[in-house]
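Here is the structure we will look at.
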Amino acid sequence: MLNIPLQAVIWFGKVGFPVTAGNSVGFALFAMLLLEGAGYWAAKLRQIATRSRSLPGAGAFVFARRGNVAVLVAGLLFIVWAVVVDPGVGSWPGLAFGLFAVLEQVNYFHVQLMYDTAADLRYLRSHGLRRAHLARDLAVRAGIR
0 MLNIPLQAVI WFGKVGFPVT AGNSVGFALF AMLLLEGAGY WAAKLRQIAT
50 RSRSLPGAGA FVFARRGNVA VLVAGLLFIV WAVVVDPGVG SWPGLAFGLF
100 AVLEQVNYFH VQLMYDTAAD LRYLRSHGLR RAHLARDLAV RAGIR
């Protein structure tokens, strides 16, 4: 959770991106997905610690999986409008943040996009993209394997 304010300090403070509507909306989308990811891993740790079959708070993640799509579309439409109206440092970073948020949505709720170990890379080469951990947990909740 400390990562989100740290990211804001880095991008808006140190790097110096201006705090415009387009950049702020993009960063908010990015932060929303990071919070959901942190929430998932906290719930996963709790599930493991209690040896529960079901993921605590799974209903919230089901809601987020669907609700995020509408929020991401609305946010990206606004950011694209900002890029068209005033292209440059006041809007392009926001678009990058928004696109990163979309990638995080895919990474958390659909397929794993991060492959950073040798075992992960071997799996990727031999089997293709792996289903995301959260997607697997939600499938268990729904009774789907």
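Just so it is clear: in the sequence shown, position 102 is 101 by numbering that gives the first Met the number 0, and no numbers are missing. We treat Cβ as the ideally placed atom computed from N, Cα and C, and that holds for glycine. None of the values given here were measured: they were computed from a predicted structure.
By the CB criterion at 8 Å, Gly74 and Gly97 fall inside the cutoff.
Secondary structure of Arg130 (DSSP, three-state): strand. Around the C-beta of Trp80, fewer than 16 other C-beta atoms lie within 10 Å, and the residue is accordingly described as exposed. Rounded to whole angstroms, the Cβ separation of Ser90 and Val101 is 17 Å, and the two are not in contact under 8 Å. Between Gly25 and Ile78, the CB-CB gap stays under 8 Å. In the DSSP annotation of this structure, the continuous segment of the alpha helix (DSSP H) that includes Arg65 starts and ends at 57-84.
With the rule of 3 Cβ pairs closer than 8 Å, the segment 116-123 does not count as touching the segment 39-58. A straight line joining the alpha-carbon of Val70 with that of Gln104 spans about 11 Å.
For Asn67, the closest of Met0, Arg140, Leu32, Pro92 by C-alpha to C-alpha distance is Leu32. Contact annotation: Ser53 and Arg140 have beta-carbon atoms nearer than 8 Å.
Using a Cβ distance threshold of 8 Å, Phe60 and Leu1 do not count as a contacting pair. Where Gly142 is concerned, there is no enclosing alpha helix (DSSP H), because DSSP gives it neither an H nor an E.
In the DSSP assignment, Arg45 falls within the alpha helix (DSSP H) that extends over 20-49. About 35 Å separates the beta carbon of Asp136 from that of Ala20, a gap too long to meet the 8 Å contact definition. Of the other Cβ atoms in all chains shown, 16 or more fall within 10 Å of the Cβ of Pro92; this residue is therefore buried.
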